[in-house]
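Just so you know, we're using numbering that gives the first Met the number 0 here: the sequence shown kicks off at 0 and counts up by one. In this text, a Cβ means the ideal position worked out from N, Cα and C, and glycines have one as well. See structure below.
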Amino acid sequence: MSAKINQNFLKLNESYLFSEIARRIRVWQSENPEVADKLIRMGIGDVTRPLPKTVVEAMVSAAREMGEAETFRGYGPEQGYDFLKDAVQKYYTRFGVELKSDEIFISDGAKSDLGNILDLFDKDNTVLVTDPVYPVYVDTNMMDSRKIVYAEAGEENDFLPMPAPEYAADIIYLCSPNNPTGAVYDRAALTKWVEFAKEQGSIILFDSAYECFVTGDYPHSIYEIPGAREVAIEFCSLSKKAGFTGTRCGYTIVPDTLERCGGNLNKMWLRRQTTKFNGVSYITQKGAEAVFSQDGEEEIEENIRYYRDNAKIITDTMDKLNIYYTGGKNSPYIWLKCPGEMDSWEFFDRLLKEVYVVGTPGAGFGKSGERFFRLTAFSTHENTREAMERFEVFVEKLR
Ligand code: PLP
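Listed below in structure tokens is the structure:
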């Protein structure tokens, strides 16, 4: 007798991208100790601004409640406390979206739920992702051996692929604003995706982890699009919005109107969560509630403005150098075409060795990223400015 393992894990690619970046930096540092401290990291996907004061105070106060017999709380509702669901519900009304309380599920972040939601789907389903792609969508489906179809993104569609007959799939992942490209779908484009999903009977898994960076008339939520309640599940996160990457909190919306093959997905998700999840800690949820308070929002806006200013420093540099890019306007990511016809790893190496700036090679996000490079707005103003000055010198030398 021997326990059989899920063989699909053996087929997964090594989590190569960030470990390879770290390895190349280590080699460079050991060979160039005299300039090692000049390195600027512009590939950071994590936030750098601390939690807003109001959020910290709410968490401290909640921790005190947990230390008193009268206010102590044990297991909470698996779907989240009403006080936080109410705050999320109210937040959505700003975009004209009315949600019922039991359509909102508080999570410990978008990544877990993006993986966990696959419990609701048959392993025979076909999955559509865009290329380049946030690797979690691919790996979680490979673990279940689902067939994956890639919708190619590139300069010709400004990294916003649109529905096409060859993209017919049961599950469709859309991420807007996108990681890694920073590209954002407008209403007309999302309407086409919703109609496409409706025609095919597909379900859209809509990742809105970066919605807080949206400006202007772009949708924050897929539910701003008529008909989306019948085809989409939405995943959102407080990670980038409020600095919760380490604190862990997000929310998933499963409309009670979403049904397939006799199953109601809202009821199925509730059943899944009450069986496999015991909720997010009270302390964290109190902190998350404060994110939506007036003071919290003001403090968060200041942090988001800080990142937006960094993004502007980067996009101004790209404009000046006439380099093609997407993102940066509704996103903390700037996705640029490698100058000098370089591929993304060659560009990575030269940028590191010649001006000591690190970004993320596009090839790590898929075939369509091979000649592209991702910079992020999560550094400090000082480092972003300095990195862009060096970037400019580097590119000018190539010309
Ligand atoms: N979705 C996308 C597109 C992301 O880039 C990330 C994090 O980088 C996540 C989801 C995960 O967010 P969370 O920290 O809430 O798990």
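When you measure from the CB of residue i to every non-hydrogen atom of the ligand PLP, does any distance come out below 7 Å?
i      : result
Lys275 : no
Cys174 : yes
Asn329 : no
Gly114 : no
Asn302 : no
Ser14  : no
Lys110 : yes
Tyr133 : yes
Gly361 : no
Ala208 : yes
Gly403 : Lying before the first or after the last residue shown, residue 403 is absent from the chain, which here runs from 0 to 398.
Asn31  : no
Asn178 : yes
Return helix, strand or coil for residue i, following the three-state DSSP convention.
i      : result
Lys336 : strand
Pro429 : For residue 429 there is no data in the structure shown, the boundaries of the chain being 0 and 398.
Val96  : coil
Pro134 : helix
Cys235 : strand
Glu369 : coil
Thr214 : coil
Ser378 : coil
Arg186 : helix
Glu388 : helix
Gly363 : helix
Arg63  : helix
Asn263 : strand
Ala196 : helix
Ile346 : For the record, residue 346 in the displayed sequence is Phe; it is not Ile. Helix.
Tyr74  : coil
Ser1   : coil
Using only CA atoms, which one of the options lies nearest to residue i?
i      : options                           : result
Leu335 : Phe347, Ser29 and Arg373          : Arg373
Asp143 : Ala152, Thr214 and Asn124         : Asn124
Pro218 : Gly245, Asn177, Gln199 and Thr251 : Asn177
Tyr222 : Gly215, Phe234 and Thr325         : Phe234
Glu291 : Gly368, Val394 and Ala86          : The amino acid occupying residue 291 in the given sequence is Phe; Glu does not appear at that position. Among Gly368, Val394 and Ala86, the Cα nearest to that of Phe291 belongs to Ala86.
Thr246 : Asp121, Asp138 and Pro51          : Pro51
Ala168 : Ile147, Glu288, Gly262 and Cys337 : Ile147
Thr47  : Lys396, Asn382, Val394 and Glu388 : Asn382
Ala287 : Asp107, Tyr332 and Asn31          : Asp107
His380 : Ile313, Glu369 and Tyr149         : Ile313
Ala227 : Ser238, Ala241 and Trp192         : Trp192
Return the bridge partner residues of residue i from the DSSP annotation.
i      : result
Lys146 : Thr125
Glu13  : According to DSSP, Glu13 bridges with nothing at all.
Arg402 : Residue 402 is absent from the structure shown; the chain starts at 0 and stops at 398.
Asn115 : DSSP output for Asn115 lists no bridge partner at all.
Gly249 : Ser106 and Ser236
Leu204 : Tyr172 and Ile232
Gly79  : Answer by DSSP bridge pairing: none, since Gly79 is not bridged.
Glu258 : Asn263
Thr325 : Trp334
Could you tell me whether any Cβ in chain C is nearer than 8 Å to the Cβ of residue i?
i      : result
Ile147 : No chain C appears in the structure shown, which is made up of a single protein chain.
- Query: What beta strand (DSSP E) runs, 3 residues minimum, are completely inside the segment 276-310?
  - Reply: The segment 276-310 contains no whole beta strand (DSSP E) run of 3 or more residues.
- Any beta strand (DSSP E) of 3 or more consecutive residues that is wholly inside the segment 151-184: With a minimum length of 3 residues, the continuous beta strand (DSSP E) runs that stay inside the segment 151-184 are 170-174.
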